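**Q**
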Amino acid sequence: MTDAEYADWPDCSAEASRRLVRGIDLTGYWLYAAGRMVEVNKAVKRDPRLRAAWDTWSRCMAAEGFTRYPDRAAAYGDRAWHRGSDGNTRHTERERATAVADVACKHRHRPPELWHAVRAEKQAADISRHRERYAAALRALRTYRANIDEALQGPGRRPA
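When we follow my numbering, the leftmost residue of the sequence shown carries the number 6, and every step to the right adds one.
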């Protein structure tokens with residue numbers, strides 16, 4: 006971008022955003038599903054079946070001679086791996102061995118499969134409890150997609 010083009014960018018960006026969200030209730034339904042997912046994920050994390058599965062995985066890791074992490078996220082975030090700002094680690098021999106044990110314990114005890122099943126169960130229950138709000142969010146998404154389609158047709162043109 007040239008300096009002149011960049012100077013026009015904030016106005017252009019604001020107009021584009023207004024055009025894409027035209028007809029959408031941004032305060033009520035636009036981000037409804039994303040907000041509900043935060044709550045669903047909290048419920049999944051508290052589920053006793055999943056907590057028991059991660060505890061079994063943790064005991065398996067300890068039995069293999071590695072740190073007894075409370076769950077996979079704790080293992081990923083272990084400072085021992087010296088994760089850089091790019092997300093990469095030094096891939097030490099100890100880290101690779103821990104990863105192998107992780108895979109073996111997950112294969113043996115299946116906590117990821119249970120996590121997916123519990124999450125699907127909690128999502129279905131949440132959708133059933135809040136069906137109208139999810140339906141409104143879906144209508145907002147469809148409006149947004151129609152606005153994108155219209156914008157892609159070019160200035161002043163409507164989709165076919």
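Note that CB positions come from ideal geometry on N, CA and C, so glycine has one too.
Fair warning: this is a prediction, and the values are worked out from it, not measured in the lab.
Am I right that Ser63 and Pro75 are in contact with their C-beta atoms under 8 Å? What's the rounded C-beta distance?
**A** Contact holds; Cβ gap of about 6 Å.
**Q** Exposed or buried, which one is Cys110 when buried takes at least 16 other CB atoms within 10 Å?
**A** Its Cβ being crowded by 16 or more others within 10 Å, Cys110 is buried.
**Q** Does the beta-carbon distance from Arg115 to Cys65 come in below 8 Å?
**A** No, the pair does not count as a contact, with Cβ atoms beyond the cut-off.
**Q** Let me check understanding here. Comparing Cα to Cα, which of Thr32, Thr103, Lys47 and Arg41 lies closest to Ala85?
**A** Ranking the options by Cα distance to Ala85, first place goes to Thr103.
**Q** Give me the Cα-Cα distance between Glu173 and Val108, rounded to the nearest whole angstrom.
**A** Absent from the model: residue 173. The displayed extent of the chain is 6 to 165, so no value can be given.
**Q** From Thr151 to Ala142, what distance separates their C-alpha atoms?
**A** Looking at the sequence shown, residue 151 is not Thr but Ala. Each residue's alpha carbon lies about 14 Å from the other.
**Q** Given Ala156, which residues of its chain have a CB within under 7 Å of its CB, disregarding the five upstream and five downstream residues?
**A** The residues are Arg24 and Leu25.
**Q** So, is Trp120 buried or exposed, given that buried needs 16 or more other C-beta atoms within 10 angstroms?
**A** Buried, because 16 or more other Cβ atoms sit within 10 Å of the Cβ of Trp120.
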